[in-house]
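**Q** Residue numbers (my numbering): 87 to 509.
Idealized CB from N, CA, C, for every residue including glycine.
What follows is a single structure, and I will ask about it in a moment.
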C-alpha cells in the first residue's frame with residue numbers, strides 16, 4: 087500500500103499488527119449484530135456506552151508502552167515484540183470484551199439464542215441479496231480509503247525530500263480521526279435508533295411520521311455540526327497545534343493537520359448526513375440506492391485523489407485529496423435527497439431548510455470575524471502552550487457569542503438542540 091515509500095521494517099510491523107487485527111473482524115461483527123438486537127428491544131444506552139470498555143482496555147495497555155517502552159518516532163524497528171503483542175492483544179481483547187458484555191446484557195433482557203436448522207422461511211434469499219449489496223457498498227469506500235492511504239503516503243515521502251515534513255498519510259489520519267469522532271457523536275447512535283423507528287413507520291405505511299422523524303434528526307445534526315464545522319475551519323490549525331505539537335512533530339507540522347481538518351470539514355455535514363439518509367432505504371430493504379450513492383462518492387473521491395497526485399506538488403497533494411473527499415459528499419447529497427423523494431416520497435421540510443439557511447449564514451459570519459482575527463493574533467502570540475490555549479478558547483467563546491444570538495430563533499439553534507437532547 088505504501089509503495090516504494092514503505093521499507094522492510096514498516097512492512098514487517100504492519101504485517102504483525104494486522105495479524106492481531108484480523109480476528110477482531112469476528113468480534114466487531116458480533117458486536118454489530120448484538121447492538122441491533124439491543125436497539126430493537128429499546129436498550130439504547132448500553133449500546134452507546136459499551137465502546138468505553140474497549141477504549142479503556144486499549145488506554146491501559148498503552149500506559150506501559152509509553153512509560154517503559156522503546157518506541158521511537160519514525161523508527162518502526164524500535165517497536166519490540168512485547169510492545170506489538172501488548173498493543174495488538176489489547177485491541178483484540180477490548181473488542182472481545184465489548185462483545186461479551188453486550189451478550190450478557192442482551193441475555194438480561196430475556197433474549198435466548200435458539201438454534202434453528204430449518205432453512206425454508208428464514209428469508210435467506212433476501213438477506214443474501216442485501217448482504218452482497220452492502221458488501222459492495224463497503225468495498226467502494228474501502229478501495230477509496232486504500233488508494234488515499236497509498237497516494238498520501240507516497241506524496242508525503244516525496245514532500246519530505248523537498249523539505250516539507252508531515253505532509254503525508256499521518257496528517258490525513260489525525261484529521262480524519264477528529265472528524266470521525268465528531269460525526270459519531272452526532273449520528274451513530276441516532277442513526278441506529280432512527281432505523282428501528284423508520285422500519286415501524288414504513289411497515290405501517292405511515293410516511294408522514296417517518297418524514298417527521300427524519301426531519302428532526304437532520305435538524306439535530308445541523309444544530310450541532312454547523313457551528314462545529316465553522317470552528318474547525320477558522321480555528322482548526324490552532325487547535326491541532328495544541329493537540330499534536332509533541333516530540334518530533336513541530337508547530338508547523340501540527341498546524342498542517344489543522345489545515346487538512348479545515349478542508350475536510352467542508353464536507354463534514356454531508357458526510358454525517360450520508361449515514362443518516364441511507365437508513366430509510368435500509369428500512370424498506372433497499373440496498374441498491376445506498377450502493378449507487380457509494381459508487382458516486384467513490385468515483386469522485388478516487389478521480390479527485392489521482393488528479394491531485396498528478397497535478398499538484400507533493401506538499402499539496404493531501405489538500406487536494408481531502409478536497410476531493412469533501413466534494414464527493416457534497417455532490418452526492420442532493421442526489422440522495424432526490425432518491426429519497428422518488429423512492430419514499432420524502433421531501434425536506436421548509437422548517438429544515440430555513441433552519442440550515444439561518445445557521446449556515448450565522449456560522450459563516452462568525453467565522454469571517456473570528457478566523458482572520460485569530461490568525462492575526464497567532465502571529466503575535468509567543469509559542470507558549472498556555473497563551474496559545476487561551477487564544478483558542480477565547481476564539482471559540484467569541485465565535486459562540488456571535489453565533490448564538492444570530493440563531494436563537496432558528497429551528498437549528500443550539501437552544502433547540504439542548505431541548506431535543508432532553509426529550
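(1) Which residues share a DSSP beta bridge with residue 161?
(2) What are the start and end residues of each continuous beta strand (DSSP E) run of 3 or more residues lying completely inside the segment 382 to 445, in chain order?
(3) Anyone know if the C-beta pair for residue 377 and residue 226 falls short of 9 Å?
(4) Going by alpha carbons, who is nearest to residue 220 out of 379, 435, 436, 466?
(5) Roughly how many angstroms lie between the CA atoms of residue 352 and residue 114, to the nearest whole one?
(6) Whole-angstrom Cβ separation of residue 426 and residue 366, contact assumed at under 8 Å?
(7) Given a cut-off of 9 Å, decide if residue 445 and residue 309 are closer than it, judged by their beta-carbon atoms.
(8) Do residue 454 and residue 467 count as a contact pair if the criterion is CB distance below 9 Å?
(9) Measuring only the C-alpha atoms, how far is residue 185 from residue 139?
(10) Suppose you measure from the CA of residue 375 to the CA of residue 222; what does that come to, to the nearest Å?
(11) State the DSSP-derived secondary structure class of residue 108, mapped to helix, strand or coil.
(12) Secondary structure at residue 503, three-state DSSP: helix, strand or coil?
(13) Roughly how many angstroms lie between the CA atoms of residue 90 and residue 460, to the nearest whole one?
(14) Alpha carbon to alpha carbon, what distance is there between residue 93 and residue 241?
(15) Taking the alpha carbon of residue 389 as the point to measure from, which residue in 372, 368, 369, 413 has its own alpha carbon closest?
(16) Can you tell me whether residue 254 is buried or exposed, with buried defined as 16 or more other CB within 10 angstroms of its CB?
(17) Is it a yes or a no for the segment 233 to 249 touching the segment 398 to 405, going by three-plus beta-carbon pairs under 8 Å?
(18) Taking buried to mean at least 16 other C-beta atoms within 10 Å of its own C-beta, is residue 190 buried or exposed?
**A** Short version:
(1) Position 75 of the chain shown, counted from the first residue, corresponds to residue 161. Paired residues: 158.
(2) none
(3) As a position in the chain shown, residue 377 is number 291, starting the count at 1. As a position in the chain shown, residue 226 is number 140, starting the count at 1. In contact: residue 377 and residue 226 (Cβ atoms closer than 9 Å).
(4) In the chain shown, the residue the question calls residue 220 occupies position 134. That would be 379, whose Cα lies nearest to the Cα of residue 220.
(5) Position 266 of the chain shown, counted from the first residue, corresponds to residue 352. Position 28 of the chain shown, counted from the first residue, corresponds to residue 114. If you draw a straight line from the Cα of residue 352 to the Cα of residue 114, it comes to about 30 Å.
(6) Position 340 of the chain shown, counted from the start, is the residue given in the question as residue 426. Position 280 of the chain shown, counted from the start, is the residue given in the question as residue 366. Going by Cβ atoms, the distance from residue 426 to residue 366 rounds to 6 Å, so yes, they are a contact pair.
(7) Within the chain shown, residue 309 is the residue found at index 223, counting from 1. Within the chain shown, residue 445 is the residue found at index 359, counting from 1. Yes, these two residues count as a Cβ contact at 9 Å.
(8) Position 381 of the chain shown holds residue 467. Position 368 of the chain shown holds residue 454. Going by C-beta atoms, residue 467 is not nearer than 9 Å to residue 454.
(9) Residue mapping note: residue 185 aligns to position 99 of the chain shown, counting from 1. Residue mapping note: residue 139 aligns to position 53 of the chain shown, counting from 1. Cα-Cα distance, rounded: 10 Å.
(10) In the chain shown, the residue the question calls residue 375 occupies position 289. In the chain shown, the residue the question calls residue 222 occupies position 136. Distance between the alpha carbons of residue 375 and residue 222 is about 12 Å.
(11) Residue numbering aside, residue 108 sits at position 22 when the chain shown is read from its first letter. Of the three classes helix, strand and coil, the one that applies to residue 108 here is coil, per DSSP.
(12) Here residue 503 corresponds to residue number 417 of the chain shown, with the count starting at 1. Correct three-state label for residue 503: helix.
(13) Taking the first residue of the chain shown as 1, we reach residue 90 at position 4. Taking the first residue of the chain shown as 1, we reach residue 460 at position 374. For residue 90, the predicted structure reports a pLDDT of 49, less than 50, and the residue's modelled location is therefore unreliable. The matter cannot be settled from this model.
(14) Numbered from 1 along the chain shown, position 155 holds the residue referred to as residue 241. Numbered from 1 along the chain shown, position 7 holds the residue referred to as residue 93. If you take the alpha carbons of residue 241 and residue 93, they lie about 15 Å apart.
(15) One-based indexing of the chain shown puts residue 389 at position 303. Comparing Cα-Cα distances from residue 389 to each of 372, 368, 369, 413, the minimum goes to 413.
(16) As a position in the chain shown, residue 254 is number 168, starting the count at 1. If you draw a 10 Å sphere on the C-beta of residue 254, you find 16 or more other C-beta atoms in it, and that means buried.
(17) Between the segment 233 to 249 and the segment 398 to 405 there are three or more C-beta pairs closer than 8 Å, enough to call the two in contact.
(18) The residue given as residue 190 occupies position 104 in the chain shown. Around the beta carbon of residue 190, a 10 Å sphere encloses fewer than 16 other beta carbons of the protein chains shown; the residue is thus reported as exposed.
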